[in-house]
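Student:
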Amino acid sequence: MTLSQQLAARIVALTYEDLPATAIDNAKTAILDTLGCALAGAREHAVDTLMATPGMATSGECSLMGRSERLDLLSAALINGCAAHALDFDDVNTAMGGHPSAPLLAGLLPLAEELDSSGRTLLLSFIAGFETETRLARAVNFYHYDLGWHPTATLGVFGTAAACAKLLNLSANRTATALSICVSLASGVKANFGTMTKPFHVGHAARHGVMAALMARQGFSASLDAFEHRQGFFNVFNGEGNYHANRVLENWAAPLDIVTPGIGIKLYPCCDSTHASIDAVRLLQGEQAFDVTDVERVVVTIHPLRLTHVDRPILRSATDAKFSVQYCITRTLLDGRIDFDSFTEHAYENEAVKSLMAKVETRPHAHSAPTPEGNYLTELCIVLRDGSQRFKRLDRPLGRHAEEPAPTAMIRAKFDRCTAHVLSAEAGSRLHDTVMGLETLMRVSELTAQARSTE
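Read in full-length UniProt numbering, the sequence shown has 254 at position 254, and its numbers run on one by one without any break.
#1: Report the residue from L147, G232, L447 whose alpha carbon sits nearest the alpha carbon of residue 457.
#2: Counting along the chain, where does the alpha helix (DSSP H) carrying L39 start and finish?
#3: For G239, count neighbouring C-beta atoms within 10 Å of its own C-beta (all shown protein chains included) and say buried if the count is 16 or more, exposed if not.
#4: Using the Cα positions of R400 and P54, report the straight-line distance between them to the nearest angstrom.
#5: Where do the N-terminal and C-terminal ends of the alpha helix (DSSP H) with I314 fall, by residue?
#6: Using DSSP with H/G/I as helix, E/B as strand and the rest coil, what is F220?
#7: Given a cut-off of 8 Å on the beta-carbon distance, is the pair A253 and E131 in contact?
#8: Please name the residue or residues paired with T308 in a DSSP beta bridge.
#9: Need the endpoints of the alpha helix (DSSP H) that P364 sits in, please.
#10: Rounded to the nearest angstrom, what separates A347 and H421 at their Cα positions?
#11: Would you identify the three-state DSSP class for R115, choosing helix, strand or coil?
#12: Between the region 85-104 and the region 246-264, are three or more C-beta pairs nearer than 8 Å?
#13: Using the rule of at least 16 other Cβ atoms within 10 Å of the residue's Cβ for burial, across every protein chain shown, is Q288 buried or exposed?
#14: Near E228, which residues of its chain fall below 8 Å by C-beta distance, leaving aside the five closest residues on each side in sequence?
#15: Considering only DSSP beta bridges, list what V299 is partnered with.
#16: Quick check: what's the CA-CA separation for F200 versus A451?
#17: If you reduce the DSSP assignment to three classes, tell me which class C418 lands in.
#18: Quick one: what's got a C-beta closer than 6 Å to T301's C-beta in the same chain, skipping five residues either side?
#19: Could you work out which residue in A30, L123, R10, R430 is closest to K266 when comparing CA atoms only?
#20: Between which two residues does the beta strand (DSSP E) harbouring C62 extend?
#21: Within its chain, find whatever has a CB closer than 7 Å to the CB of T58; leave out the 5 residues flanking it on each side and keep chain order.
#22: Could you tell me which residues DSSP pairs with Q326 in its beta bridges?
#23: Taking only the alpha-carbon atoms, compute the straight-line gap between L179 and A128 and give it to the nearest angstrom.
#24: Run the CB neighbour count on D294, radius 10 Å, all protein chains shown included, and call it buried at 16 or more, exposed below.
#25: Hey, how far is the Cα of T197 from the Cα of A222?
#26: From G98 to L168, what distance separates their C-alpha atoms?
#27: When DSSP labels each residue in this structure, what does G264 get in the three-state scheme?
#28: Rounded to whole angstroms, what is the Cα-Cα separation between R443 and E345?
#29: Pick out whichever of D279, A46, I314, I411 has its Cα sitting closest to the Cα of G203.
#30: Can you give me the Cβ contacts of R390 inside the same chain, cut-off strictly under 6 Å, excluding the 5 residues immediately before and after it?
#31: Just to confirm the assignment, what range does the alpha helix (DSSP H) spanning R70 have?
#32: Please confirm if the region 304-316 is in contact with the region 410-424, defined as three or more CB-CB distances below 8 Å between the two stretches.
#33: Should the region 325-334 be regarded as contacting the region 400-417, the criterion being three or more beta carbon pairs within less than 8 Å?
#34: Report, in whole angstroms, the separation of the C-beta atoms of residue 464 and C164, which I expect to be a contact under 8 Å.
#35: Return helix, strand or coil for L431, following the three-state DSSP convention.
#36: Would the beta-carbon of A83 fall within 8 Å of that of A42?
Encoded structure:
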């Protein structure tokens, strides 16, 4: 059997009864967090621009997260995906080296609404998709990531196809076909980070994942050896010798990836690779008070895999600021926090910001070997005018490990902050309770109705 066939057999065999309580709880948390991020991002310029682009938003019956318009199934997946990632606030996974939930939920919700699926079926499909994309990640990362591919998109498309195939109750053969179709649909490069194209990657992956599953259901064909073929996914995307195909099936679902390493809930609406630096500044501010006017120099040392896309001393836009470790450190030093208002045109063009940013020096870490822990290792040294130093070393940001999850209260506070962009406090609370009770929800359409904007 080919890899796609073996992978499909495992996707089809997974049942709700196989899922441990932790997997279900983590899935609900990931879905809640992604919904909140999508509602907050639903009116971002990238989403509005896509909505206004001919052919991208065809009218239909499917609900959108955080918007009042209704679109056809594929358009809804596209717009949902872009909204979910527009603020770069959605969850992360260390194995994937990207954002696992946004493409999955963006594609699953409109399909589940159209199929009149239950919350229990949605949860199972979501977890099957999560396992698929993160297991593929184990085979190709972190060479895939370092080469410049955006795993959220290049791997998320497979996760979405697997999740949608599960929701559609496709056979193993047709599920394998859907995955093989996605080999020709996978795309997304990190050169486009800091622009509207990055969240488009997620919408693109969601739409294509849904489309591949629907095509397979109709009997469309694809080469079932599209992963391992000499000119297939692994060799084309990574190059011969730069992947480990056996890791896809190795210890499949034992444990599920959504359990270990699990989900990482982002606490700041900016690139994940800046978060350890932000945490380091905040911890130093709390431990050893100092006046920001006394800062002479800041030296931050980051793993080169991450430094490549966050070393941005000169900013092109407010979106670009989300991917600048220099800016994120500066903004945290000045404000003691990072939030939505940290990334406005006024915020990043401030003269005090520019002056302090010039004092931030970046360096690649000497420990450059990729690690499964996510390559988060960060060292921050703040040098003050009197010559004294403040130093902090972090192996990872807060909330990035199964043994050190983001506190429930912080996850809820983030959700409330996000949903306040389009929902009343009462409506947001109702949506929260619906997601937390997903396993008892008879119709996903009840959830999608609550997640829509009435404006």
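Every residue, glycine too, gets a C-beta built ideally from N, C-alpha and C.
Tutor: If we stick to the structure as given:
#1: Here the chain has residues from 1 to 455 only, and residue 457 is not among them.
#2: 21-41
#3: exposed
#4: 39 Å
#5: That residue, I314, is in no alpha helix (DSSP H); it is neither H nor E in DSSP.
#6: coil
#7: yes
#8: Paired residues: none, contrary to the question.
#9: Counting along the chain, P364 falls outside any alpha helix (DSSP H), though it belongs to the beta strand (DSSP E) covering 360-364.
#10: 20 Å
#11: It should be pointed out that residue 115 corresponds to Leu in this sequence rather than to Arg. DSSP places L115 in helix when its eight states are reduced to three.
#12: yes
#13: exposed
#14: T2, L3, F234, A245
#15: E361, C381
#16: 21 Å
#17: helix
#18: R363, H365, E379
#19: A30
#20: 59-64
#21: L71, D72, S75
#22: Q326 is not bridged to any residue.
#23: 13 Å
#24: exposed
#25: 28 Å
#26: 26 Å
#27: strand
#28: 42 Å
#29: A46
#30: L284, Q288, I382
#31: Careful: R70 lies outside any alpha helix (DSSP H), inside the beta strand (DSSP E) at 67-71.
#32: no
#33: no
#34: The question about residue 464 has no answer, for the chain in this structure spans 1 to 455.
#35: helix
#36: yes
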